[in-house]
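Scroll down for the structure; my scribbles are underneath it.
2 protein chains.
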Amino acid sequence: MQTHVDVSDNALTERQKDVLDAALALLVEAGDTLTMTSVARRASCSKESLYKWFGDRDGLLTATVQWQASKVRGVPVDPEAFNLASLTSGLERFAADWLRVLSGNISVALNRVAVGHAGSDKHDLGAIVLENGPFAMARRLKPLLQLGRDTGLIHFHETDEAFRTFFGLVVRDVQIRLLLGDRLGLTEAAIDRDARRATQQFLALYGPHTKPAGDGH
Amino acid sequence: MQTHVDVSDNALTERQKDVLDAALALLVEAGDTLTMTSVARRASCSKESLYKWFGDRDGLLTATVQWQASKVRGVPVDPEAFNLASLTSGLERFAADWLRVLSGNISVALNRVAVGHAGSDKHDLGAIVLENGPFAMARRLKPLLQLGRDTGLIHFHETDEAFRTFFGLVVRDVQIRLLLGDRLGLTEAAIDRDARRATQQFLALYGPHTKPAGDGH
DNA sequence: ACCGTACCGTACCGTACGTTACGGCCAGCG
DNA sequence: CGCTGGCCGTAACGTACGGTACGGTACGGT
Chain A
1 MQTHVDVSDN
11 ALTERQKDVL
21 DAALALLVEA
31 GDTLTMTSVA
41 RRASCSKESL
51 YKWFGDRDGL
61 LTATVQWQAS
71 KVRGVPVDPE
81 AFNLASLTSG
91 LERFAADWLR
101 VLSGNISVAL
111 NRVAVGHAGS
121 DKHDLGAIVL
131 ENGPFAMARR
141 LKPLLQLGRD
151 TGLIHFHETD
161 EAFRTFFGLV
171 VRDVQIRLLL
181 GDRLGLTEAA
191 IDRDARRATQ
201 QFLALYGPHT
211 KPAGDGH
Chain B
1 MQTHVDVSDN
11 ALTERQKDVL
21 DAALALLVEA
31 GDTLTMTSVA
41 RRASCSKESL
51 YKWFGDRDGL
61 LTATVQWQAS
71 KVRGVPVDPE
81 AFNLASLTSG
91 LERFAADWLR
101 VLSGNISVAL
111 NRVAVGHAGS
121 DKHDLGAIVL
131 ENGPFAMARR
141 LKPLLQLGRD
151 TGLIHFHETD
161 EAFRTFFGLV
171 VRDVQIRLLL
181 GDRLGLTEAA
191 IDRDARRATQ
201 QFLALYGPHT
211 KPAGDGH
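Going down the list, the protein sequences come from chains A and B. Going left to right, the first sequence walks through residues 1 to 217 as my numbering numbers them. Going left to right, the second sequence walks through residues 1 to 217 as my numbering numbers them.
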């Protein structure tokens, strides 16, 4: 007996993708209180199909999380002429992208259910979100950091330590406050400003010996 | 008709406190899946009493969160002879305390249920945890930061911005990873090291014009 | 001795929801 | 045309759990 549907392969019917998108929408609206019936109704499919495709409620949630994760992939940075300007803009773009994702409805909803199910779970949603959230971010950023170090633009011993500092400077208390229900409406302008500030602070700590940067004015 | 039990006053019987401690323990063990029956059994009290005292399940959870919050109060800093050393040690102590609380079982469990209930909630647990978590931390730290600025030891425009940067440098990805189920066993030594590193980085950004600090190796 | 109050233990009720089963519709195909 | 298989819609089942009711006990006040 196989585990019904494997999302890592693209073994998903268009129909099934539609169903998962419906589940995603409901997850955003209703959080973890979504019912199998509501998903079936929203997607205009039968509960029988839901159980045939995804096994059980947990399987549906897992498939939904993985489906969303598979949509966010990609966007690596490829460096040719690499200098301080491209490092800076790379960090800024990365920070802005990350803040945009974090503050989006979908990310907040998925992180909420994953946090709620963390640990005591068959398919451990927490691990999946962890893998496709912070860890994926680390994997995407580290090459840029190491390139910066190799070219002598920034200095650190542990890549992981540098990454985590950058993470802290970018995210700060934004994510936990959003998860706890604080509105904190991040405008596009505020995101760009935060991304620049975080990058300047990071460069002040690890970068060329400029004088330390303040809070951005 | 009043709302059953007011935790802000100490209008709690010893018996009721015992019940809330039992609920807290169950929350740590079982998360949001704790049932009224399980609380009654663990606390050796009747469900009738639970409903008389706390109204409903939500009221019990709310009272439990507030009860825990009321235990964490206090520990303000009072400055007499204030210099760079006392600012540094104040920041370090603060950071270490915060990391210790954050990584404790109780904090993780409470943040999990609060995140799960955020928004769609009668007694909005998310707001309560927000108030007693990040916001309380900000209220406790800001006087120290402002004292530092008044005495010319550090420089910033917005106290809130300075606080949030410190928050980011201290917490980094620790909290979200813990909430998502990452073990990440923080030893006492690691916490002290992180507290010192975060403080040094903060001072490098906002403080006296020393050269920027690295990641502490 | 009697009453009211507070509480425990437990049985009970109602309901929501996960899960399963069934009947009907439609498409592809021999 | 009739068979088969996949899917929809819906009804039904089982259960877990929130919430309530009730009998029994201890205790303080009068």
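Heads up, the beta-carbon is just placed ideally off N, CA and C, and yes, glycines get one too. Note that the structure is predicted; figures quoted are calculated from it, not measured.
| Asked | Found |
| --- | --- |
| Whole-angstrom C-beta distance between residue 127 (chain B) and residue 112 (chain A), which should lie under 8 Å | In fact, because the Cβ distance is near 15 Å, the residues do not count as touching under 8 Å. |
| Selection of the region 110-124 of chain A by Cβ proximity to chain B, strictly under 9 Å | 111, 112, 113, 114, 115, 116, 117, 118, 119, 120, 121 and 124 |
| Residue 175 (chain B) to residue 205 (chain B) span [Cα, whole Å] | 23 Å |
| Which listed residue (A:37, A:81 and A:98) has its alpha carbon closest to that of residue 136 (chain A) | A:98 |
| Cβ neighbours of residue 195 (chain B) in the same chain (closer than 6 Å, five flanking residues each side left out) | 92, 95 and 96 |
| CB contact below 8 Å: residue 213 (chain A) versus chain B | Bear in mind that a pLDDT of 40 at residue 213 (chain A), under 50, signals an unreliable position, so the model cannot answer this. |
| Coil, strand or helix - residue 208 (chain A) by DSSP | coil |
| N- and C-terminal bounds of the alpha helix (DSSP H) containing residue 143 (chain A) | 136-150 |
| Cβ contact (3+ pairs, closer than 8 Å) linking the region 168-187 of chain A and the region 162-174 of chain B | yes |
| Rounded straight-line distance, which links the Cα of residue 66 (chain A) to that of residue 36 (chain A) | 18 Å |
| Against chain A: residues of the region 157-177 of chain B by CB proximity under 8 Å | 157, 158, 161, 162, 164, 165, 167, 168, 169, 170, 171, 172, 173, 175, 176 and 177 |
| Nearest-angstrom Cα separation, counted from residue 32 (chain B) out to residue 41 (chain B) | 17 Å |
| Coil, strand or helix - residue 122 (chain B) by DSSP | coil |
| Interfacial residues, the region 174-204 of chain B to chain A, with Cβ spacing under 7 Å | 175, 176, 177, 179, 180, 181, 182, 201 and 204 |
| As assigned by DSSP and simplified to three states, the class of residue 89 (chain B) | helix |
| Whether residue 20 (chain B) touches residue 63 (chain B) by CB criterion (8 Å) | yes |
| Beta-carbon spacing of residue 186 (chain B), residue 107 (chain B) below 8 Å | no |
| Where the alpha helix (DSSP H) through residue 183 (chain B) begins and ends | Element bounds for residue 183 (chain B): n/a, residue is neither H nor E. |
| Rounded straight-line distance, which links the Cα of residue 100 (chain B) to that of residue 189 (chain B) | 11 Å |
| N- and C-terminal bounds of the alpha helix (DSSP H) containing residue 159 (chain A) | 159-171 |
| Exposed unless 16 or more other CB atoms sit within 10 angstroms - verdict on residue 160 (chain A) | exposed |
| Min CB distance residue 32 (chain A) to chain B below 8 Å | yes |
| Contact with chain A by residue 127 (chain B), beta-carbon distance below 8 Å | yes |
| DSSP three-state assignment for residue 107 (chain A), whether helix, strand or coil | helix |
| Residue 155 (chain B) in three-state terms, based on DSSP | coil |
| Beta-carbon spacing of residue 12 (chain A), residue 110 (chain A) below 8 Å | no |
| Residue 32 (chain A) - DSSP class collapsed to helix/strand/coil | helix |
| C-alpha distance - residue 203 (chain A) paired with residue 34 (chain B), whole-angstrom precision | 47 Å |
| Enclosing alpha helix (DSSP H) for residue 54 (chain A) [first to last residue] | 47-54 |
| For residue 187 (chain B), the three-state DSSP class (helix, strand or coil) | coil |
| Cα-Cα separation between residue 179 (chain B) and residue 115 (chain A), rounded to whole angstroms | 6 Å |
| Supposed contact pair residue 169 (chain A) and residue 138 (chain A) - C-beta distance, whole angstroms, cut 8 Å | The Cβ separation is near 14 Å, so there is no contact. |
| Proximal residues to residue 18 (chain B) (C-beta, below 8 Å), its chain only, five neighbours per side dropped | 43 |
| Interface residues of the region 129-141 of chain B facing chain A [CB-CB below 7 Å] | 129, 130 and 134 |
| Nearest-angstrom Cα separation, counted from residue 51 (chain A) out to residue 182 (chain B) | 30 Å |
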